[in-house]
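Engineer: Can you read through this structure? Questions will come right after.
Protein chains: 2
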Amino acid sequence: MKAVDILNNHNLKRTSCREGIIEVVMISRQALSENEIREQLVGNYDRTTFYRSFKTLEEHKIIHKIVVDNQCVKYALDNTITHKGEHAHFYCNTCDSVQCMDKVPIQKYQLPDGYSDIETEVLIKGTCSNCKQENN
Amino acid sequence: MKAVDILNNHNLKRTSCREGIIEVVMISRQALSENEIREQLVGNYDRTTFYRSFKTLEEHKIIHKIVVDNQCVKYALDNTITHKGEHAHFYCNTCDSVQCMDKVPIQKYQLPDGYSDIETEVLIKGTCSNCKQENN
DNA sequence: TCTCAAATGCAACAATGATGCAAATGTATT
DNA sequence: AATACATTTGCATCATTGTTGCATTTGAGA
Numbered sequence: 167m168k169a170v171d172i173l174n175n176h177n178l179k180r181t182s183c184r185e186g187i188i189e190v191v192m193i194s195r196q197a198l199s200e201n202e203i204r205e206q207l208v209g210n211y212d213r214t215t216f217y218r219s220f221k222t223l224e225e226h227k228i229i230h231k232i233v234v235d236n237q238c239v240k241y242a243l244d245n246t247i248t249h250k251g252e253h254a255h256f257y258c259n260t261c262d263s264v265q266c267m268d269k270v271p272i273q274k275y276q277l278p279d280g281y282s283d284i285e286t287e288v289l290i291k292g293t294c295s296n297c298k299q300e301n302n
Numbered sequence: 167m168k169a170v171d172i173l174n175n176h177n178l179k180r181t182s183c184r185e186g187i188i189e190v191v192m193i194s195r196q197a198l199s200e201n202e203i204r205e206q207l208v209g210n211y212d213r214t215t216f217y218r219s220f221k222t223l224e225e226h227k228i229i230h231k232i233v234v235d236n237q238c239v240k241y242a243l244d245n246t247i248t249h250k251g252e253h254a255h256f257y258c259n260t261c262d263s264v265q266c267m268d269k270v271p272i273q274k275y276q277l278p279d280g281y282s283d284i285e286t287e288v289l290i291k292g293t294c295s296n297c298k299q300e301n302n
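So the protein sequences, as listed, match chains V and U.
Per our numbering: the first sequence = residues 167 to 302.
Per our numbering: the second sequence = residues 167 to 302.
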């Protein structure tokens, strides 16, 4: 699926900023921060445009946001595009990267009476395979 | 355990700001934001002092931070004080409250080869028991 | 090509995280 | 109880991020 098709499917205008963001996020194996995405984009966009593009893409479930700590926000393609289901996220303490763990499904949690869950976010922090190798 | 004792145990100076924060957090059944804590404090402290107090208390594992979305940060007593172990957090979409689910332990996730986990954060979003009742 | 809603760029503001430094304060010692 | 010193505070200041209003520009259908 191409970025343009995704935009069309969602009745979103094809603007170079949106198209660029989707393409960058689609290629990357890791979730990317706003700045990491900006660096890989061809055009130069105003911060507001960028911000609003993220918001739009997120609202249409084309990308999803992963918040590690406050002040550390990353974006990745959404499940509805990748068709890989709900998954845990991994944050590497060493290289600060964030990855969608497509093979690690979210487990079910039993809540006390009266509580109902709609969505569960799992963030696993540790050392990624890349950084582990470097220690050997 | 009193706030003063906690500070002493960690070799931290007993300042009214730190003492106040611990007391407020200790009493509350819910995790509280910076502003919610400030409102309940007697004294009036500079924002920087406040910020640095949180940082110190967090570093000494007296309180812990729960990040819901970026821009939504709450604080609660840490496990090392409550002795209740690692637990999931619950965020109520309706009333915006955050609670430590002491009875909901973190489950183990099987990671791909090469990845090692140090810590797992689980945030369950939904409707809390209070808000559910109100719908009846 | 024209039209119009939608998106962009710019200005501006709020909230939050963070640091340097002088003044004030907590605590151990005398 | 007074002193001394390291720690903490308050203030100024700055960077980053989230957010909104508005005039201009642009995408896409007629």
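Glycine included, each C-beta is placed from N, C-alpha and C at the ideal position.
Is the CB-CB distance between U/Ala242 and U/Val264 below 9 Å?
Structural biologist: Locating residue 242 of chain U in the second sequence gives position 76, counting from the first residue. Locating residue 264 of chain U in the second sequence gives position 98, counting from the first residue. Contact flag set, yes.
Engineer: Do we get a CB-CB distance below 9 Å when we pair U/Thr286 with the residues of chain V?
Structural biologist: Here residue 286 of chain U refers to the residue found at position 120 of the second sequence. Output row for U/Thr286: interface = yes.
Engineer: If contacts are defined as beta-carbon pairs under 8 Å, then U/Ile229 and U/Ala254 qualify, I think. What distance do you get, rounded to the angstrom?
Structural biologist: Against the second sequence, residue 229 of chain U aligns to sequence position 63. Against the second sequence, residue 254 of chain U aligns to sequence position 88. With 8 Å as the limit, U/Ile229 and U/Ala254 do not qualify as a contact, their Cβ atoms being about 18 Å apart.
Engineer: With 8 Å as the C-beta to C-beta threshold (strictly closer), list the residues of the segment 272–286 of chain V near chain U in chain order.
Structural biologist: Gln273, Tyr275, Gln276, Leu277, Pro278, Asp279, Gly280, Tyr281, Ser282, Asp283, Ile284, Glu285, Thr286
Engineer: Please list, in chain order, the chain V residues whose beta carbon lies closer than 8 Å to that of U/Asn259.
Structural biologist: Numbered from its first residue, the second sequence carries residue 259 of chain U at position 93. Neighbours of U/Asn259 on chain V, chain order: Ile284.
Engineer: Decide yes or no for the touch test of the segment 213–220 of chain U against the segment 278–292 of chain U: beta carbon pairs closer than 8 Å, at least 3 of them.
Structural biologist: no
Engineer: Please report whether the beta-carbon of U/Ile290 lies at a distance below 9 Å from any beta-carbon of chain V.
Structural biologist: Within the second sequence, residue 290 of chain U is the residue found at index 124, counting from 1. Yes, contact with chain V.
Engineer: Using DSSP with H/G/I as helix, E/B as strand and the rest coil, what is V/Gln196?
Structural biologist: Along the first sequence, one-based indexing puts residue 196 of chain V at 30. If DSSP states are grouped into helix, strand and coil, V/Gln196 belongs with coil.
Engineer: Going by Cα to Cα distance, which pick from U/Asp171, U/Gly292, U/Asp244 is closest to U/Ala197?
Structural biologist: To locate residue 197 of chain U, count along the second sequence from 1; it is residue 31. Ranking the options by Cα distance to U/Ala197, first place goes to U/Asp244.
Engineer: With a cut-off of 9 Å, does the C-beta of V/Cys266 fall near any C-beta of chain U?
Structural biologist: Numbered from its first residue, the first sequence carries residue 266 of chain V at position 100. Interface flag for V/Cys266 against chain U is unset, since no Cβ pair is found closer than 9 Å.
Engineer: According to a CB-to-CB cut-off of less than 9 Å, which residues of the segment 204–233 of chain U neighbour chain V?
Structural biologist: Within the segment 204–233 of chain U, contact with chain V at the beta-carbon level (separation under 9 Å) is assigned to Lys231, Val233.
Engineer: Quick check: what's the CA-CA separation for V/Cys238 versus U/Arg204?
Structural biologist: By 1-based counting over the first sequence, the position of residue 238 of chain V is 72. By 1-based counting over the second sequence, the position of residue 204 of chain U is 38. Rounded to the nearest angstrom, the two C-alpha atoms are 25 Å apart.
Engineer: Per DSSP, V/Leu243 is paired with what?
Structural biologist: For this step, residue 243 of chain V is matched to residue 77 along the first sequence. According to DSSP, which records beta bridges pairwise, V/Leu243 is partnered with V/Ile229.
Engineer: Hey, U/Leu277 and V/Phe256: beta-carbon distance below 9 Å or not?
Structural biologist: Working through the second sequence from its first residue, we reach residue 277 of chain U at position 111. Working through the first sequence from its first residue, we reach residue 256 of chain V at position 90. Cβ distance < 9 Å, so U/Leu277 and V/Phe256 count as in contact.
Engineer: In the DSSP assignment, the beta strand (DSSP E) including U/Ile172 goes from what residue to what residue?
Structural biologist: Here residue 172 of chain U corresponds to residue number 6 of the second sequence, with the count starting at 1. Following the DSSP letters along the chain, one finds U/Ile172 in no beta strand (DSSP E) but inside the alpha helix (DSSP H) bounded by residues 169–175.
Engineer: Can the beta-carbon of U/Lys240 be found closer than 9 Å to that of U/Ser282?
Structural biologist: Stepping through the second sequence from its first residue, residue 240 of chain U is reached at position 74. Stepping through the second sequence from its first residue, residue 282 of chain U is reached at position 116. Not in contact: U/Lys240 and U/Ser282 (Cβ atoms no closer than 9 Å).
Engineer: Determine, using beta carbons only, whether V/Thr293 comes closer than 9 Å to chain U.
Structural biologist: Taking the first residue of the first sequence as 1, we reach residue 293 of chain V at position 127. Yes - at least one Cβ of chain U is within 9 Å of the one on V/Thr293.
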